[in-house]
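Letter by letter, the sequence shown follows residues 1 to 993 of the UniProt record's numbering. We treat Cβ as the ideally placed atom computed from N, Cα and C, and that holds for glycine. One structure is given below, encoded as structure tokens.
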Amino acid sequence: MDGSTNSLDDVSGSSAEYPDRVSMMEGRLQSQEDEITLLKSSLADALRRLRLHDQLIPLLKQQIIAVNPAASRVLNQVYCSDGFSSSRKLSSSSALDSPRHPATSQVLNSTEGENGSNGDSTFPALVHKTPTYDRATQTDLTPLVQDQELDRVPLALTRPVQSLSLEDALPEGMSLTEEARAKFHHVQGLELEEQEKDLSWASSVEEAIHPTAIRNLQRDDLQDPNGSTESLSSAPQTQILGSPAPPKDLSASLRSGPLSTILKGEKKPLARRNSEKLVKDPQEKTKKLLEKKAASSANLLNRSPSLESRTKDLIARAGSPGSRRGTQGQSIKMFIRGRPITMYVPSNIQNYEDLRMEPPVEKLELDWVYGYRGRDCRANLYLLSSGEAVYFIACVVVLYHINNRTQRHYRKHTDCVRCLTIHPDKVRVASGQTAGVDKDGKPLQPYVHIWDSSTLITLQQIGLGTFERGVGSVAFSFADAGAFLCVIDDSNEHMLSVWDCAKGTKHTEVKSTNEAVFAVEFNPSDSTNIITCGKSHIYFWTLSAGSLTKKQGIFGKYKKPKFIQCFVFSLTGDVLTGDSEGNILTWGKSPGDVKTLGKGAKETFQIMRQTRAHDGSVFTLCMLQGGALLSGGGKDRKIIRWSADLAPERECEIPEKFGAVRCITDVNGEEVLVGTTRNAILRGTFSDGFVAIVQGHVDEMWGLATHPSQDVFLTCGHDRQVCVWNTEEHKLDWCTTLEEYGLCADFCPNGAVVSVGLSTGRWLVLDLQTKEVISDYTDGNEQLSVMRYSPDGSFLAVGSHDNFIYVYNVTESGRRYSRYGKCNGHSSFITHLDWSKDGKYIMSNSGDYEILYWDVAGGCKLLRNRYESKDREWASYTCVLGFHVMGVWLEGSDGTDINALCRSHSERLVAVADDFCKVHLFQYPCPKPKAPNHSYEGHGSHVTNVRFTHCDSHLLSMGGKDTCILQWEVKRAGTGDGGDRLHSASFTSSPEP
Numbered sequence: 001m002d003g004s005t006n007s008l009d010d011v012s013g014s015s016a017e018y019p020d021r022v023s024m025m026e027g028r029l030q031s032q033e034d035e036i037t038l039l040k041s042s043l044a045d046a047l048r049r050l051r052l053h054d055q056l057i058p059l060l061k062q063q064i065i066a067v068n069p070a071a072s073r074v075l076n077q078v079y080c081s082d083g084f085s086s087s088r089k090l091s092s093s094s095a096l097d098s099p100r101h102p103a104t105s106q107v108l109n110s111t112e113g114e115n116g117s118n119g120d121s122t123f124p125a126l127v128h129k130t131p132t133y134d135r136a137t138q139t140d141l142t143p144l145v146q147d148q149e150l151d152r153v154p155l156a157l158t159r160p161v162q163s164l165s166l167e168d169a170l171p172e173g174m175s176l177t178e179e180a181r182a183k184f185h186h187v188q189g190l191e192l193e194e195q196e197k198d199l200s201w202a203s204s205v206e207e208a209i210h211p212t213a214i215r216n217l218q219r220d221d222l223q224d225p226n227g228s229t230e231s232l233s234s235a236p237q238t239q240i241l242g243s244p245a246p247p248k249d250l251s252a253s254l255r256s257g258p259l260s261t262i263l264k265g266e267k268k269p270l271a272r273r274n275s276e277k278l279v280k281d282p283q284e285k286t287k288k289l290l291e292k293k294a295a296s297s298a299n300l301l302n303r304s305p306s307l308e309s310r311t312k313d314l315i316a317r318a319g320s321p322g323s324r325r326g327t328q329g330q331s332i333k334m335f336i337r338g339r340p341i342t343m344y345v346p347s348n349i350q351n352y353e354d355l356r357m358e359p360p361v362e363k364l365e366l367d368w369v370y371g372y373r374g375r376d377c378r379a380n381l382y383l384l385s386s387g388e389a390v391y392f393i394a395c396v397v398v399l400y401h402i403n404n405r406t407q408r409h410y411r412k413h414t415d416c417v418r419c420l421t422i423h424p425d426k427v428r429v430a431s432g433q434t435a436g437v438d439k440d441g442k443p444l445q446p447y448v449h450i451w452d453s454s455t456l457i458t459l460q461q462i463g464l465g466t467f468e469r470g471v472g473s474v475a476f477s478f479a480d481a482g483a484f485l486c487v488i489d490d491s492n493e494h495m496l497s498v499w500d501c502a503k504g505t506k507h508t509e510v511k512s513t514n515e516a517v518f519a520v521e522f523n524p525s526d527s528t529n530i531i532t533c534g535k536s537h538i539y540f541w542t543l544s545a546g547s548l549t550k551k552q553g554i555f556g557k558y559k560k561p562k563f564i565q566c567f568v569f570s571l572t573g574d575v576l577t578g579d580s581e582g583n584i585l586t587w588g589k590s591p592g593d594v595k596t597l598g599k600g601a602k603e604t605f606q607i608m609r610q611t612r613a614h615d616g617s618v619f620t621l622c623m624l625q626g627g628a629l630l631s632g633g634g635k636d637r638k639i640i641r642w643s644a645d646l647a648p649e650r651e652c653e654i655p656e657k658f659g660a661v662r663c664i665t666d667v668n669g670e671e672v673l674v675g676t677t678r679n680a681i682l683r684g685t686f687s688d689g690f691v692a693i694v695q696g697h698v699d700e701m702w703g704l705a706t707h708p709s710q711d712v713f714l715t716c717g718h719d720r721q722v723c724v725w726n727t728e729e730h731k732l733d734w735c736t737t738l739e740e741y742g743l744c745a746d747f748c749p750n751g752a753v754v755s756v757g758l759s760t761g762r763w764l765v766l767d768l769q770t771k772e773v774i775s776d777y778t779d780g781n782e783q784l785s786v787m788r789y790s791p792d793g794s795f796l797a798v799g800s801h802d803n804f805i806y807v808y809n810v811t812e813s814g815r816r817y818s819r820y821g822k823c824n825g826h827s828s829f830i831t832h833l834d835w836s837k838d839g840k841y842i843m844s845n846s847g848d849y850e851i852l853y854w855d856v857a858g859g860c861k862l863l864r865n866r867y868e869s870k871d872r873e874w875a876s877y878t879c880v881l882g883f884h885v886m887g888v889w890l891e892g893s894d895g896t897d898i899n900a901l902c903r904s905h906s907e908r909l910v911a912v913a914d915d916f917c918k919v920h921l922f923q924y925p926c927p928k929p930k931a932p933n934h935s936y937e938g939h940g941s942h943v944t945n946v947r948f949t950h951c952d953s954h955l956l957s958m959g960g961k962d963t964c965i966l967q968w969e970v971k972r973a974g975t976g977d978g979g980d981r982l983h984s985a986s987f988t989s990s991p992e993p
């Protein structure tokens, strides 16, 4: 990073503008891509509505004939009457490619006797015509019976989808029984594909159609007795998903309505919307039609709502109280990145509009933090006078009592903590954080907090709005009892500033260097002297009259190392540094070289002695009370004790699995704490060896599973480690290293084995007792994203990035697996899946926001009618898309903002892991947008997974890049205060190992 920074400073002005032009062009390209996406969505919506009418018309005809067989003869007579034949060419290409369908208009024909009264054989006849569709205007063009011309009645598909009811086709005085109504209203396989696909397994939606077309014509005729065609396009457009009751006197209204001209044999032209008059010449008619289509294409774009307005319209269309179908036909549509996703309202929700969402009565309180940040941070482990070790990971500073094995947490930071130091009084602590970004990508300002470790109260906030990018190093002064704080930020110039701790004001500031800076300290006997070290430098600073001056250490005849990693002050006042060459250098003041520099030569800081210490870098130095020195090596992983004159006395080597030594803290002169580069904290002595008291992952984590009956959970990630943790004892039970990194896992319901999905398509089955791999399988060659056992443990579903779900039969208590089938239907990679409570069905999500349902018992078949699954009960709920969790999505989400969610076993709560470092707790179910929730901070990276323990007593959340696992206690109502960030003084304990 530093090399690239320097190169940027040397480029010419013209080349410096190049990235700006590229960024501007990328912005324009992204904007155009968004416009294209909106255009595609609008056009796809129009095509879906047209296809819906194509599907419904023949079904309505069949239902009408089934209810009234006499209608079949009437339909055939109408098709042949007035010279109108079925071979007539239609104005839409869709009519040429599909069989003829009955029209959605209804014509009531009544036969009168000789005396003028209605005969007993009178039945209403529904006249059906083949519909034509104008794809540009989304308008249904229905041919009516005319002598020479083709009149069109618009059915305005731009308003919500409408339908005819069966009752409208019955003769006067007749009504359907409940059994007959259920029979004809329930149409198997009736659905609308959400996206045009070439395959028959495309995901689908259903929408009800209502008899408002005829009713609008009735109202228009009553309002405009002169037959004006303008009323046809100005009828009110409403969104209704229920089926209203049919009109009481349908035949009478039709005789007096706009269809009465057809009944009387008159030729009253009905003009199509956007048409001034009927064009009679065929060529002129074709030309006119093409012009209208071209103009209407632009209107379609203008009518297409923006993504923002479409997102706000998540609450959709509950059925009216008088609806015969009630909530049976309700559906809710939400949009993610412009793509509509239809959710069907379960039957037990009678009125969706009246649902009221409340935040859950349960709250979370941080119980335990697993992990330590040693892989990329220095000098971040100290011991307080209270006997607590203080260190940090993610956004949390942990105070861990090494004897009582308890934790307290300071949680006032809003992003990852990067540095730490303690006051000379061993009570106050200063911690600095990185800048980070908010959810909109805007940078946040870094700062330093000075806080009391006994009360966890923040005393001062230093440097808000002053530091850039983050705070890299901090140090208290010692000679004046900690009156000043020195801070170095992560800007290009690594600004060095000195602050008054009591007032929180800046005393002075200066640019230090463009190179990386690793450490800063005050001279313990003189607060006007400050030392910094880093890449290829060590600087000696002098604070005088409110300004800082520096002198660079002179290496002279000694080889200049690439990095000065650390330094300490000896009891004699000398400065000892550890470098990347494995040497300990002793620095001291030298008088000015008068012979070379002449009179006025100033004193310099030069190397007085070089001591060979380690193979590889010297990462840390720790000065003991008696003058002895401890050094920690990188490559050799050794801890060496040196006498005051730098003679080696004792040494030991830490186990390879813990990595190199990152920092050392003295406990009592004999016992020490050691922080390692593999994120572990060790405790021990030279004679007794070292034991890990804190452990964690060292790379990004994704896999998380909780045991079905024990207080145990499993994690896996990119560090190729599979770790099993104990939530009650707050410790790592065991860990194993795999050949590839794990991404997902799930425990078998019997609790004896666990399956882990890897990055190459392999998946393993581990025995929890022997910790051995008992099965090894491969499905495809892409990474696996989800493993899920059925509730009874008889099946295992494996979701892959190759778009398939592989289903296995499980026998011998989870030790034997055989391929049962493969779910083939998703058009993108599998992200989440869940089993139904009866173990026969699977619900799955994919990377393109599909929700599909599978009949596993029937041979892993895709259930094309998603409406049938709306009342199905699920054994778990981890799918991020679904009606019951629709309210967890924020307005304007792009589909990747939520990484995982988990429903509690009690089915009262749902926890959400988002991309903005937060954990949310919602009430379950959560079907309403903008649902209230409790939000919790602590992670410093995207939260990749969340899971409840088997008894819902705790929630586990896992960060990505922050390598942190947070264990939250679920506080029931009336059992204590909830743990938001303000209640940060959580106190928990763990027994001795």
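Outcome for residue i when other beta-carbon atoms lying within 10 angstroms are tallied against a minimum of 16
i, result
"residue 994", "Because the chain in this structure spans residues 1 to 993, residue 994 falls outside the shown range and cannot be described."
"residue 781", "exposed"
"residue 899", "buried"
"residue 362", "buried"
"residue 757", "buried"
"residue 408", "buried"
"residue 52", "buried"
CB of residue i within 8 Å of CB of residue j, strictly
i, j, result
"residue 518", "residue 565", "yes"
"residue 944", "residue 701", "yes"
"residue 339", "residue 894", "no"
"residue 994", "residue 445", "Outside the displayed span of the chain (1 to 993) sits residue 994, for which this structure offers no information."
"residue 470", "residue 513", "no"
"residue 383", "residue 453", "no"
"residue 531", "residue 521", "yes"
"residue 709", "residue 950", "yes"
"residue 763", "residue 798", "yes"
"residue 568", "residue 623", "yes"
"residue 926", "residue 910", "yes"
Integer-rounded CB distance, given that residue j should sit under 8 Å from residue i
i, j, result
"residue 753", "residue 815", "7 Å"
"residue 717", "residue 696", "At roughly 10 Å, the Cβ-Cβ gap does not stay under 8 Å, so residue 717 and residue 696 are not in contact."
"residue 994", "residue 381", "This structure does not reach residue 994, given that the chain is present from 1 up to 993, and the question cannot be answered."
"residue 472", "residue 418", "6 Å"
"residue 837", "residue 875", "5 Å"
"residue 681", "residue 370", "Contact doesn't hold; Cβ gap of about 12 Å is too wide."
"residue 556", "residue 606", "6 Å"
"residue 375", "residue 698", "6 Å"
Beta-carbon proximity list for residue i, same chain, < 8 Å, skipping 5 on both sides
i, result
"residue 828", "803, 846, 847, 848, 850"
"residue 761", "778, 779, 780, 781, 782, 783, 784, 800, 802"
"residue 905", "948, 950, 951, 952"
Cβ neighbours of residue i in the same chain (closer than 6 Å, five flanking residues each side left out)
i, result
"residue 121", "Note on residue 121: pLDDT 39, under 50, position unreliable in the model; no value is reported."
"residue 685", "670, 671"
"residue 936", "364, 919"
"residue 720", "737, 738, 741"
Closer than 7 Å: residue i CB and nearest the ligand PLP heavy atom
i, result
"residue 557", "Because no ligand of any kind appears in the structure shown, any question about the ligand PLP cannot be addressed here."
7 Å Cβ shell around residue i - same chain, five flanking residues per side excluded
i, result
"residue 973", "361, 362"
Continuous beta strand (DSSP E) assignments of at least 3 residues falling wholly in the stretch 705-780: 712-717, 721-726, 731-737, 742-747, 753-758, 762-767, 773-778
Beta strand (DSSP E) runs contained entirely in the stretch 789-871, provided each spans 3 or more residues: 795-800, 804-811, 816-824, 830-835, 841-846, 851-855
Secondary structure, beta strand (DSSP E): runs of 3+ residues fully inside the stretch 883-950: 898-903, 909-914, 918-923, 934-937, 943-948
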